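Counted the way our numbering counts, the sequence shown spans residues 1 to 465. By construction, the Cβ of each residue, glycine as well, lies at the ideal position given by its N, Cα and C atoms. Just so we're clear, the structure is a prediction, and the values are computed from it rather than from any experiment.
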Amino acid sequence: MNWLFSWLVALLVTLPLAFQAAEVAGKPVDLVGSDLLFLLLVFIPRRRDLVIPRGVALWRFSIARMAAVVVLLYCMGLAATACAESSELSRVASAVKFAKPIVFVLLGAYLSAITSPVVLLQRIAIAFAATSVATFATGVCTPGFPQIAWGRFLFGFPVYGYPNSAMTLFGIMVPLLLAAADAHAMPLGKWMLRGVAFLTGMMVVTSLSRSSTAAMASGILFYLYLTGRVYLPVFAAIFGVMMLMAFSSTLDVLTGNQDVMLWIERLTHRFSETVGSSDPFSGRGDIWAQTIGLWSERPVFGYAFESFSHYAEFDTPHQQYLEILFKSGALGATLYGLVLLASGLGLMHVTKFSMPGTPAWYLLRALTATFGATLIGNLSQPNLTYSVTGNFLFFVLGLALNKHAAAALVVQTAPSANRQPPTTDESRNQNVRRAHDAHILRRRNASATIVGPVAGTRNIQGGRH
Numbered sequence: 001m002n003w004l005f006s007w008l009v010a011l012l013v014t015l016p017l018a019f020q021a022a023e024v025a026g027k028p029v030d031l032v033g034s035d036l037l038f039l040l041l042v043f044i045p046r047r048r049d050l051v052i053p054r055g056v057a058l059w060r061f062s063i064a065r066m067a068a069v070v071v072l073l074y075c076m077g078l079a080a081t082a083c084a085e086s087s088e089l090s091r092v093a094s095a096v097k098f099a100k101p102i103v104f105v106l107l108g109a110y111l112s113a114i115t116s117p118v119v120l121l122q123r124i125a126i127a128f129a130a131t132s133v134a135t136f137a138t139g140v141c142t143p144g145f146p147q148i149a150w151g152r153f154l155f156g157f158p159v160y161g162y163p164n165s166a167m168t169l170f171g172i173m174v175p176l177l178l179a180a181a182d183a184h185a186m187p188l189g190k191w192m193l194r195g196v197a198f199l200t201g202m203m204v205v206t207s208l209s210r211s212s213t214a215a216m217a218s219g220i221l222f223y224l225y226l227t228g229r230v231y232l233p234v235f236a237a238i239f240g241v242m243m244l245m246a247f248s249s250t251l252d253v254l255t256g257n258q259d260v261m262l263w264i265e266r267l268t269h270r271f272s273e274t275v276g277s278s279d280p281f282s283g284r285g286d287i288w289a290q291t292i293g294l295w296s297e298r299p300v301f302g303y304a305f306e307s308f309s310h311y312a313e314f315d316t317p318h319q320q321y322l323e324i325l326f327k328s329g330a331l332g333a334t335l336y337g338l339v340l341l342a343s344g345l346g347l348m349h350v351t352k353f354s355m356p357g358t359p360a361w362y363l364l365r366a367l368t369a370t371f372g373a374t375l376i377g378n379l380s381q382p383n384l385t386y387s388v389t390g391n392f393l394f395f396v397l398g399l400a401l402n403k404h405a406a407a408a409l410v411v412q413t414a415p416s417a418n419r420q421p422p423t424t425d426e427s428r429n430q431n432v433r434r435a436h437d438a439h440i441l442r443r444r445n446a447s448a449t450i451v452g453p454v455a456g457t458r459n460i461q462g463g464r465h
């Protein structure tokens, strides 16, 4: 049951499709695959004893969840008050869309009690790998390939939010794909996942979305830095130049191909717009200045989720942080910032306790890189209030920032290509527990106080997260 359940969660949380469920005040109300996860709340988590690494401060994780609840209550209260005064139901709908992704912090923490958070993170990466391959295959099978926009459709359905928002999701998933490859036990699996990461990156770049490409590049660099391999991009660039020089005849053939030349022309034009243009932000600077001016008129509570299009010709300020300021004011932005700050600090805290070379060690660092990349992407796109990306990010944050994730650090060992997979969860946990015990004993010279079932750990009864 847990096996099927975890794969279903992994598929829904990364599915970049949506359908219109309703329409409020002329604006569509879209539902995405991850919204269906709330239907899974009928599952009751198992109560179990948890072994937590000594030194893990669980209160750090609680701050993120408490801040999420406060943001939710603030947004709904502000919207309800404004709706009562103006009778604009669209404000409530806007507040629900705005705050809904934050609720996934709570949902992730809740579902972590049903299946191992580390295992679920791995399956999320693998499920997205399948989605990415299917998206690329759909493009290949579309008439006009390769001159079409890669990644626009999935099985004939339009990818939600293409290109900027959707490709940002694809871009920030690349570090998790690389981590899943590093954590995989089989060499073939490692290279297959790395190949999918390359394929995903190619779709992001050819979408011509600069914000998505910047977020992806930031995430990759963060991940390589956190795993001590920051030299790899330099090595890859040098290797690529050498390969092009060695196969210059092949390069001549490629540059003579009409399709290749078309993509080179598009990429060159997009690059020149960014670097050589007098307005590299494509008009966003004027929108941002207008948003700041509007906010300065109502600084505390903002415009209480009134539509931005009432004051500008666009539906959004095209910047996540300014959108938060406009809709909820300085007070809402402060509360929202507390959620992000607590999540970032919590990630750094729990990552310190992962054993080097284990799946948790790679995946938590990839999640930290993904989080940082999203914050950078927010500078030019409202990624967190875009349902697919926002739901995914806050879900995996909730998955990682709770006592079940901390307990999963105890039962992780380094992957080995020659090691056979355990036959049952019980035997796997027993073997890994012995490895962790030995690790703790070595670090504390076998003289540490026995706090829980093993040295350097403490026992927590199941129940609240």
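*If we ignore side chains and look at the alpha-carbon of each, how far apart do L73 and L111 end up?*
Within the sequence shown, residue 73 is the residue found at index 73, counting from 1. Within the sequence shown, residue 111 is the residue found at index 111, counting from 1. L73 and L111: Cα-Cα distance of roughly 22 Å.
*Environment of K352 [buried if 16+ CB atoms lie within 10 Å]*: On the sequence shown, position 352 is the one that residue 352 refers to. Classification of K352: exposed, given that the 10 Å Cβ count is below 16.
*Can you give me the start and stop residues for the beta strand (DSSP E) that V24 sits inside?*
Position 24 of the sequence shown, counted from the start, is the residue given in the question as residue 24. Taken as a continuous stretch (DSSP letters only), the beta strand (DSSP E) holding V24 covers 18-24.
*Short check: CB of L177 to CB of L154, under 8 Å?*
Against the sequence shown, residue 177 aligns to sequence position 177. Against the sequence shown, residue 154 aligns to sequence position 154. Contact flag unset, no.
*Can you tell me where the beta strand (DSSP E) with K27 in it begins and where it stops?*
As a working mapping, residue 27 is identified with position 27 in the sequence shown. First-last of the beta strand (DSSP E) with K27: 27-32.
*In whole angstroms, what is the alpha-carbon distance linking S94 and A82?*
Here the question's residue 94 lines up with position 94 in the sequence shown. Here the question's residue 82 lines up with position 82 in the sequence shown. Looking at the two C-alpha atoms, the distance is approximately 12 Å.
*asked:* Beta-carbon within less than 7 Å of A183's beta-carbon, same chain only, minus the 5 sequence neighbours each way: which residues are those?
replied: Residue numbering aside, residue 183 sits at position 183 when the sequence shown is read from its first letter. Excluding sequence neighbours, A183 sits near Q122, P359, Y362, L363, P415.
*Within 10 angstroms of the Cβ of T389, are there 16 or more other Cβ atoms? Answer buried if so, exposed if not.*
Here residue 389 refers to the residue found at position 389 when the sequence shown is read from its first residue. With 16 or more Cβ atoms within 10 Å of its Cβ, T389 is classed as buried.
*Among residues of its own chain, excluding the 5 on either side of S207, which ones have a beta-carbon nearer than 6 Å to its beta-carbon?*
Residue mapping note: residue 207 aligns to position 207 of the sequence shown, counting from 1. Only G151, P163, M167 meet the Cβ criterion.
*Pair within 8 Å by beta-carbon distance, G337 and V300*: Along the sequence shown, one-based indexing puts residue 337 at 337. Along the sequence shown, one-based indexing puts residue 300 at 300. No, they are not a contact pair.
_F198 classed as buried or exposed, judged by whether at least 16 other C-beta atoms fall within 10 angstroms_ = Here residue 198 is taken as the residue at index 198 of the sequence shown, counted from 1. The residue is exposed, with fewer than 16 neighbouring Cβ atoms inside 10 Å.
*Just how far apart, CA to CA, sit I287 and H318?*
Within the sequence shown, numbered from 1, the residue matching residue 287 stands at position 287. Within the sequence shown, numbered from 1, the residue matching residue 318 stands at position 318. The straight-line gap from Cα to Cα measures roughly 8 Å.
*asked:* Between which residues of its own chain and L224 is the CB-CB distance below 6 Å, once the five residues before and five after are set aside?
replied: In the sequence shown, counting from the first residue as 1, residue 224 sits at position 224. Contacts found: V230, L232.
*So, helix, strand or coil for L106, using DSSP?*
Here residue 106 corresponds to residue number 106 of the sequence shown, with the count starting at 1. L106 falls in the helix class under three-state DSSP.
_For I172: DSSP bridge partner residues_ = Position 172 of the sequence shown, counted from the start, is the residue given in the question as residue 172. According to DSSP, I172 bridges with nothing at all.
*So what's I52 in DSSP terms, helix, strand or just coil?*
Here residue 52 corresponds to residue number 52 of the sequence shown, with the count starting at 1. Looking at I52 - three-state DSSP - the assignment turns out to be strand.
_Just verifying my parser: in three-state terms, what is the DSSP assignment at L154?_
For the purposes of this step, residue 154 is taken as the residue at position 154 of the sequence shown. Reduced to three states, the DSSP call for L154 is strand.
*Curious, which full-length alpha helix (DSSP H) runs of at least 4 residues does the segment 193-226 contain?*
210-226
*Between V234 and A217, what straight-line distance do the alpha-carbon atoms span, to the nearest angstrom?*
As a working mapping, residue 234 is identified with position 234 in the sequence shown. As a working mapping, residue 217 is identified with position 217 in the sequence shown. Straight-line Cα distance between these residues: approximately 13 Å.
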